[in-house]
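**Student:**
In the numbering used here, the protein residues as written are 404 to 647.
#1: When DSSP builds the beta bridges, which residues end up paired with residue 632?
#2: I need the DSSP call for residue 436, collapsed to helix, strand or coil.
#3: Rounded to whole angstroms, how far is the Cβ of residue 558 from the Cβ of residue 628, which I believe are closer than 8 Å?
#4: Using three-state DSSP, classify residue 584 as helix, strand or coil.
#5: Thinking C-beta only, is residue 423 closer than 8 Å to residue 452?
#6: Quick test of the definition: if touching needs 3 or more C-beta pairs under 8 Å, does the segment 454-468 touch the segment 579-598?
#7: Do residue 553 and residue 630 come within 8 Å of each other at the CB atom, strictly closer than that value?
#8: What ranges does the alpha helix (DSSP H) occupy inside the segment 442-479, keeping only unbroken runs of at least 4 residues that lie completely in it?
#9: Determine the DSSP secondary structure at residue 611, reduced to helix, strand or coil.
#10: Let me check understanding here. Comparing Cα to Cα, which of 450, 532 and 471 lies closest to residue 436?
As structure tokens, this is what we get:
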């Protein structure tokens with residue numbers, strides 16, 4: 404016979420890593436930990452919660468994937484800013500985008516040189532292989548967190564004074580907008596994995612997905628530049644709006 408008494412539903416126990424996530428996200432949402440605050444290390448969290456390091460690591464990894472935390476290799480784990488947002492259908496300077504969020508922009512110039520274009524670079528600029536071009540490589544930071552690698556080749560005839568610019572004070576986009584006013588642009592967007600060197604520059608883990616924008620710009624009837632813009636997926640997003 405079946406009992407006439409109602410059966411009470413059993414509640415599944417909350418996994419340990421979820422308890423850690425709830426505690427950390429609770430501190431963030433309550434404002435106890437603010438954007439850019441460094442949170443306790445894995446070892447400190449192990450001691451605080453009494454859970455295994457694997458459990459703590461899973462909690463931090465999932466919170467990073469959800470955009471609440473930023474993990475910088477060799478530095479620590481920090482509370483993330485709400486993701487930066489880039490306009491997909493506009494061509495804007497990353498410095499302007501960051502300033503619009505009332506944040507601080509800076510850049511490191513890794514390369515600024517004249518080279519002979521390889522086949523890929525020449526095709527991107529519509530030039531013959533081995534044509535001299537300008538090449539720049541920068542890392543852009545938002546409040547001291549790396550958010551973009553900019554790898555750009557430039558048509559020397561469109562911007563002859565490119566190598567004379569100080570790109571810690573301005574951006575390649577801002578200079579090119581004056582030297583060769585942009586009349587047309589093209590964006591190609593891909594999801595990619597960063598190279599070991601790129602992961603080091605962006606301070607991201609090996610499993611972090613990245614967003615790659617290949618951007619070409621024209622002035623009148625010639626291609627001015629081709630830029631390869633690489634963003635950590637956890638720190639950036641694109642938004643576009645169009646009308647029919």
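Glycine is no exception: its CB is placed at the ideal position from the N, C-alpha and C atoms.
**Tutor:** Result, derived from the coordinates:
#1: Within the DSSP bridge table, the entry for residue 632 names 553 and 616 as partners.
#2: coil
#3: 7 Å
#4: coil
#5: yes
#6: Judged by Cβ distances under 8 Å, the segment 454-468 makes no contact with the segment 579-598, as fewer than three pairs qualify.
#7: yes
#8: 445-452 and 456-468
#9: coil
#10: 471
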